[in-house]
Amino acid sequence: SGPGKQRNRESATKPILVVDDGEANRRLIELVLGRAGAVVTSVANGLGAIETLKEKDFDLILMDMQMPVMDGYSATRQIRSAGLATPIVALTGNAMKGDREKCIEAGCSDFLTKPVNIDELLMRTVHFIGRADGGQNSLSVDGVSIVENEFEGEDVTARPATKRDKRFWSSRADSFDATD
Numbered sequence: 076s077g078p079g080k081q082r083n084r085e086s087a088t089k090p091i092l093v094v095d096d097g098e099a100n101r102r103l104i105e106l107v108l109g110r111a112g113a114v115v116t117s118v119a120n121g122l123g124a125i126e127t128l129k130e131k132d133f134d135l136i137l138m139d140m141q142m143p144v145m146d147g148y149s150a151t152r153q154i155r156s157a158g159l160a161t162p163i164v165a166l167t168g169n170a171m172k173g174d175r176e177k178c179i180e181a182g183c184s185d186f187l188t189k190p191v192n193i194d195e196l197l198m199r200t201v202h203f204i205g206r207a208d209g210g211q212n213s214l215s216v217d218g219v220s221i222v223e224n225e226f227e228g229e230d231v232t233a234r235p236a237t238k239r240d241k242r243f244w245s246s247r248a249d250s251f252d253a254t255d
């Protein structure tokens, strides 16, 4: 963000950068966050993220940690060393003890494991950027508002799936790879 650089920024939107080498993962996150009112840009590796961040501001970065060309750890360290304080949420298939700490040490603000739990993704997004229209901390999906901490104290992963959930996930099950 040097002087004289032209920034592409819409004041009423909450832009999110998704960095993941798995196309199916990027498309799924774009769909979910886009339907919730966010404006999503996606790239396939850390180098693409750094190049994109030179041209555009984002309110949140979702960063896969295992990618070719430049992994998420290296990209996050470079982003932080450049002085950018944008929240970065690590996305990783590694849920072993110490993986969260490794991501935080690299400069990530938070950590989500893959396969991504959509409820958790939405709640973390609300936590970091709030609503797309700048109102209270909520996003909405299909007209239903999702308010930060709405499910506090509840195990949202244990709720029964609705018919809409089942249709949504069954139509995408073949294209979603948890190992990306």
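Per the working numbering, the sequence shown starts with residue 76, numbered consecutively. The beta carbon of each residue, even a glycine, is placed where N, CA and C say it ideally should be. It should be emphasised that the depicted structure is a prediction, and the values quoted were computed from it without experimental measurement.
Close Cβ partners of residue i (< 7 Å) along its chain, the five nearest in sequence each way excluded
{"i": "A170", "result": "T188"}
{"i": "I204", "result": "K89, D134, L135"}
{"i": "S149", "result": "G121"}
{"i": "T151", "result": "M138, I163, A181, G182, C183"}
Pick from the options that is closest to residue i, judged by C-alpha positions
{"i": "E180", "options": "A99, K131, D95, V164", "result": "V164"}
{"i": "T116", "options": "V94, Q141, T200", "result": "V94"}
{"i": "G182", "options": "T127, A119, P162, G97", "result": "P162"}
{"i": "L128", "options": "N192, Q153, G109", "result": "Q153"}
{"i": "P190", "options": "N100, I91, D96", "result": "N100"}
{"i": "D96", "options": "V201, Q141, K177, L103", "result": "Q141"}
{"i": "V144", "options": "G123, I193, D132, K172", "result": "G123"}
{"i": "E126", "options": "T200, A157, V201", "result": "A157"}
{"i": "K131", "options": "T151, G147, L159, D146", "result": "L159"}
{"i": "E98", "options": "D139, T151, G173, G147", "result": "D139"}
Beta-bridge partners of residue i, as assigned by DSSP
{"i": "L92", "result": "T116, I136"}
6 Å CB neighbourhood of residue i in its chain, flanking five on each side removed
{"i": "L137", "result": "V93, V164, L166"}
{"i": "R175", "result": "F186"}
{"i": "M198", "result": "none"}
{"i": "R155", "result": "G182"}
{"i": "R234", "result": "Only weak support exists for where R234 lies, its pLDDT of 41 falling under 50; the coordinates are left without a value."}
{"i": "V107", "result": "I193"}
Cβ shell of residue i (< 8 Å), same chain only, five flanking positions each side left out
{"i": "I104", "result": "V93, D95, V115, S117, L137, V191, L196"}
{"i": "E85", "result": "Here the model assigns E85 a pLDDT of 36, short of 50, so the residue's position is not dependable, and the following value carries that caveat. The answer, listed in chain order, is V114."}
Legend entry - Segments of 4+ residues assigned as alpha helix (DSSP H) that fall wholly inside the segment 96 to 155: 98 to 110, 121 to 130
Pick out the complete alpha helix (DSSP H) segments inside the segment 162 to 216, 4 residues or longer, and give them in chain order. 174 to 181, 193 to 204
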